[in-house]
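To start, the structure itself, in C-alpha cells.
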Amino acid sequence: MLELKDVSGGYGHGHVIEGIDLRVDTGETIALLGPNGAGKSTLLAALSGVLPKRGGSIRLDGTELAQASSHRIVAQGLVQVPEGRRMFAPLSVEDNLRLGTVGLQQASRSAVAERFDYVYKLLPRLAERRHQRAGTLSGGEQQMVAVGRALMSKPRVLLLDEPFLGLAPRVIEEIRAALEALRAGGLTMVLVEQKLDIALPFTRRAYVLIKGRVALVEDSATLARRDDLAQLYFNLATQAAH
Ligand SMILES: Nc1ncnc2c1ncn2[C@@H]1O[C@H](COP(=O)(O)OP(=O)(O)OP(=O)(O)O)[C@@H](O)[C@H]1O
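For the sequence shown, the UniProt record's numbering assigns the number 1 to the initial residue and increments by one for each residue that follows.
Okay, structure coming up:
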C-alpha cells in the first residue's frame with residue numbers, strides 16, 4: 001500500500017535521512033524503531049509532506065506523493081498523529097475533531113456525522129468531554145483528541161509518532177485498546193515508538209533506523225525474542241559510523 005524508495009531529506013544543509021526503502025502492506029502495522037535522533041520523526045515528516053527538503057519516491061497505492069503538498073497527502077489518506085498532541089487549546093474537543101475533516105474529500109454533513117460517530121464509539125471519553133476546552137484536558141485525553149482528529153479525515157494509513165509518550169499506564173492501556181481496535185478493523189499503521197514492549201507486540205514487522213538509514217528490517221516477533229536489543233542498537237550504530 002505504501003512504498004518508499006531511496007527516500008532522503010532534511011531541514012537545511014545535508015540529509016538527516018538517506019536511502020530509505022520501506023513498504024507497508026494493506027492492513028499491516030509496522031514499527032519504526034531506533035535511538036534518539038535516528039531520524040524517525042524526520043521520516044514521518046517526509047511522509048506527511050512537511051519536511052523542507054525531501055527526495056526519492058513515496059507511493060501510496062501507486063500514486064507518487066514525494067513532492068505533494070501536505071494537504072494533498074492528507075486528502076490521499078496518509079495522515080499523521082503528530083508528536084506532542086498539537087491542538088487548539090481554546091477550542092472544544094468537538095471543534096478540534098472537526099478540524100480533521102478539512103482533509104475529507106467529500107465533507108458532506110452525513111460523512112462528517114459518520115466520522116464523529118466512529119471516533120466517539122472508539123474513544124468514548126471524547127464523547128463525554130465533547131464540549132470541554134481542549135486545553136483543559138489531561139495529557140492522555142489530549143492524545144485521544146490527536147488520534148481522533150486524524151481519524152476524522154478517514155485515513156488509509158495512520159502515522160503515529162510516539163502516541164504513548166509521558167502517559168500513565170492506565171491511559172496507555174486505553175489508547176492502546178483503541179489502536180488495537182483500529183488494527184483489527186484493518187487500518188494500515190506506522191508506529192514510531194521507543195518502548196519495545198509496546199511496539200513489538202503491536203506490529204508485524206519492524207524497521208530499525210540508525211543515523212538516518214534503515215539498519216535492520218525484521219519480523220517484530222523475531223525481534224521481540226532477542227534479549228540483546230540494546231547491544232544490537234550499539235553494534236548497528238558503530239557499523240553505521242564506519
Ligand atoms: N526542525 C528541525 N530542524 C533542524 N534539525 C532537526 C529538526 N528536527 C529534527 N532535527 C534533527 O534531525 C535529527 C533526527 O531527529 P528526529 O527527531 O527525526 O529523530 P528521532 O529518531 O525521531 O528521535 P527522537 O526519538 O528523539 O524523537 C536530529 O539530529 C535532530 O536534531
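Where is the CB? At the ideal position from N, CA and C, for every residue including glycine. All values derive from a computational prediction rather than experimental measurement.
- With fewer than 16 neighbouring CB atoms inside 10 Å of its own CB, residue 14 falls in the exposed class.
- Closest by C-alpha distance to residue 162, out of 64, 82, 182 and 181, is 82.
- Residue 130 is positioned such that its CB atom lies closer than 9 angstroms to that of residue 120.
- About 11 angstroms separates the Cβ atoms of residue 143 and residue 126, ruling out a contact at the 8 angstroms cut-off.
- For residue 80, the enclosing beta strand (DSSP E) begins and ends at 78-81.
- Checking the DSSP bridge columns, you'll see residue 63 partnered with 60.
- Look at the beta carbons and you see the stretch 51-63 touching the stretch 8-24: at least three pairs across the two are nearer than 8 angstroms.
- For residue 76, the CB contacts under 8 angstroms within the same chain, skipping 5 residues up- and downstream, are 60, 63, 65, 68 and 156 in chain order.
- Under the DSSP assignment, residue 28 falls outside any alpha helix (DSSP H); it carries neither an H nor an E label.
- Around ligand 1, the residues selected by a Cβ distance under 5 angstroms to any of its heavy atoms are 11, 16, 36, 37, 38, 39, 40, 41 and 42, following chain order.
- Residue 37 has its alpha-carbon roughly 29 angstroms from the corresponding atom of residue 89.
- One Cα belongs to residue 86, the other to residue 134, and the distance between them is close to 10 angstroms.
- With a cut-off of 8 angstroms on Cβ pairs, the stretch 216-229 is not in contact with the stretch 178-195, counting fewer than three such pairs.
- Between residue 100 and residue 149, the C-beta gap is smaller than 9 angstroms, which places the two residues in contact.
- If only uninterrupted beta strand (DSSP E) runs of at least 3 residues are considered, those enclosed by the stretch 137-168 are 157-161.
- Only residues of its own chain outside the window of five on either side were considered, and among them 125 and 129 have a CB closer than 7 angstroms to the CB of residue 141, listed in chain order.
- In this structure, DSSP gives residue 92 an extended state, which the three-state scheme calls strand.
- In the structure shown, the three-state DSSP call for residue 228 is coil.
- Contact annotation: residue 31 and residue 207 have beta-carbon atoms nearer than 9 angstroms.
- Under the three-state reduction of DSSP output, residue 188 falls in the strand class.
- Between the beta-carbon of residue 41 and that of residue 192 there is about 7 angstroms, and that keeps the pair under the 8 angstroms contact cut.
- The alpha-carbon of residue 197 is positioned some 8 angstroms away from that of residue 224.
- Just so you know, the alpha carbons of residue 152 and residue 194 end up roughly 26 angstroms apart.
- Contact check for residue 39 and residue 236: beta-carbon distance about 13 angstroms, past the 8 angstroms limit, so the pair fails to qualify.
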